[in-house]
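Residues in the sequence shown are numbered consecutively from 13, following the working numbering. Note that the Cβ used here is the ideal one computed from N, Cα and C, for glycine as well.
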Amino acid sequence: MTYPRTDCRYLPVSMFAEADAVLDAMTQTDPAIAHAVDQADAATQSKAWNDTKITAHHAIIPTAKSADLSRMSAAEQQLYQMIRTRYLVQFYPDHEADRTILSIDVAGAALRASGKTVIVEGWKTVTGSADETDEDKAGNARLPAVSEGDPCRVTDIKIQAKQTRPPAAYTEGTLIAAMKNIASRVTDERLKKIMKDTAGLGTEATRAGIIKTLIDRGFLAKKKKKRVSTEAGQALIGVLPQTITNPDTTALWEQALDDISTRRMTLDDFVARQTKWVRAAVGQVSRSGLAMPQGIEAKPQKKCPECGQAMRKRQSQHGAFWGCTGYPDCTTTVQIGGKRRRKKAAEE
13 MTYPRTDCRY LPVSMFAEAD AVLDAMTQTD PAIAHAVDQA DAATQSKAWN DTKITAHHAI
73 IPTAKSADLS RMSAAEQQLY QMIRTRYLVQ FYPDHEADRT ILSIDVAGAA LRASGKTVIV
133 EGWKTVTGSA DETDEDKAGN ARLPAVSEGD PCRVTDIKIQ AKQTRPPAAY TEGTLIAAMK
193 NIASRVTDER LKKIMKDTAG LGTEATRAGI IKTLIDRGFL AKKKKKRVST EAGQALIGVL
253 PQTITNPDTT ALWEQALDDI STRRMTLDDF VARQTKWVRA AVGQVSRSGL AMPQGIEAKP
313 QKKCPECGQA MRKRQSQHGA FWGCTGYPDC TTTVQIGGKR RRKKAAEE
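Structural data, given as structure tokens:
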């Protein structure tokens, strides 16, 4: 497959001519999909072929080189199958269906039912119902043939007392998905579109690292599979200016970066604007201060065995280590999980 560390979902038009070769390689790799490949129309050019949407790297697709499935692990095979399926379905017709919605009045209460009848199976010939959400499946029931105004007999009534539940806590997976779909939290429609186009906060390669940093700094905590905010994290969000914590700000930055790529803005203009913005944000905090809530316990800090000052976790080419915050007066370091590596006082 092609370069994996990308979240781009588009392909350069120049690669369209290679479609037949890629499909042939897929069949050679796994003869079981030969029939599905034969049904594909390699002359169909989907919306995925769009040079204007290409970022640093194009979408992940199979290459024109066949592979040996038997040498792949189960996880590698599953990943390869997902990638090849996405590539294959774009050469299939659209999936077409008629959706019916019934609105029924029962003694003044409005009831609603929905159903779907497939007209053309199209690309779902390949994927089946794998791409359907629970909501999609719930609306796929076959409804009886009725006409407007037909009476409907109510045969059974069940009353269930329920209470609304708070949203489920995030897991690592759902938190990454929320970062990717942060557009749903943006109120401005123009900015919402920008966040959809740029695929949210971070990239596929950086989102897990961002979460790890928040955990390491004590702003998030692990509770089994859940990821929850700590008091320190909530306090930090509470005292920072809204322009820093609002995802709309990220959308504005993404728009500026897009303007740079299309030469509507220069890099110097962007840096100057960001400098002005940072100074304004710092000035706001300087004037109003940060009213940190009382009673929040600071995350325990490792003390320097030489001078007693706090140590900070750092990274080097040899791995992670603790470094004294008293540097350069104290250059004591401690290897993570090990002993003191070196110490040196400035006056020596």
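Check                                                                                                           : Outcome
Bounding residues of the alpha helix (DSSP H) (the contiguous stretch that carries R276)                        : Counting along the chain, R276 falls outside any alpha helix (DSSP H), and DSSP gives it neither H nor E.
Cβ neighbours of H107 in the same chain (closer than 6 Å, five flanking residues each side left out)            : G134, W135 and K136
Nearest-angstrom Cα separation, counted from I113 out to T129                                                   : 12 Å
H47 classed as buried or exposed, judged by whether at least 16 other C-beta atoms fall within 10 angstroms     : exposed
Three-pair Cβ contact test at 8 Å for the region 289-296 versus the region 312-321                              : no
Assumed close pair Y92, A52 - CB separation to whole angstroms, cut-off 8 Å                                     : Not really, about 17 Å apart at Cβ, beyond 8 Å.
Residue burial classification, Q267 (beta-carbon count within 10 angstroms, cutoff 16)                          : buried
Inter-residue Cα distance where the pair is D209 and K65                                                        : 9 Å
Per DSSP, cross-strand counterpart(s) of Y182                                                                   : R239
Start and end residues, alpha helix (DSSP H) containing T137                                                    : K136 to T139
Three-state secondary structure (DSSP) of F333                                                                  : strand
Within the region 90-137, ranges of the beta strand (DSSP E) (whole runs, at least 3 residues)                  : 108-118 and 121-132
Nearest-angstrom beta carbon gap, A122 and S115 [assumed within contact, 8 Å]                                   : 7 Å
Local conformation of K205 per DSSP, three classes                                                              : helix
Rounded straight-line distance, which links the Cα of A76 to that of V34                                        : 4 Å
Sheet register partners of A233 (DSSP bridge)                                                                   : V240
4 or more residues per run - each alpha helix (DSSP H) lying fully within the region 38-66                      : 46-50
Spatial neighbours of I194 in its chain, beta-carbon cut-off 7 Å, leaving aside the 5 residues before and after : M207, G212, L213 and P259
Alpha-carbon to alpha-carbon, T183 and K237                                                                     : 6 Å
Three-state secondary structure (DSSP) of M323                                                                  : strand
N- and C-terminal bounds of the alpha helix (DSSP H) containing A220                                            : R219 to D228
CA-to-CA distance, V25 to T41, given in whole angstroms                                                         : 25 Å
Same chain only: Cβ atoms within 6 Å of Y15, ignoring 5 sequence neighbours per side                            : H69
Identity of the residue in A332, R324 and R275 nearest Y339 by Cα                                               : R324
DSSP-derived helix/strand/coil call for S85                                                                     : coil
S298 versus D80, Q329, L232 and P253, residue with shortest Cα-Cα distance                                      : P253
Spatial distance of R177 from D200 (CA atoms)                                                                   : 28 Å
Cβ pair M27, I95 closer than 8 Å                                                                                : no
Inter-residue Cα distance where the pair is T343 and C336                                                       : 6 Å
Classification of R202 by the beta-carbon crowding that lies within 10 angstroms, buried from 16 upward         : exposed
Where the alpha helix (DSSP H) through I256 begins and ends                                                     : Q254 to T257
Counted within 10 angstroms of its Cβ, other Cβ atoms place I2 as buried (16 or more) or exposed                : Since the first residue of the chain shown is 13 and the last is 360, residue 2 is not available in this structure.
Three-state secondary structure assigned by DSSP to K288                                                        : helix
C-alpha gap between A190 and N62, whole angstroms                                                               : 26 Å
R124 burial status per 10 Å Cβ neighbour count (16 or more: buried)                                             : exposed
Buried versus exposed, by CB contacts within 10 Å (16 or more), A44                                             : exposed
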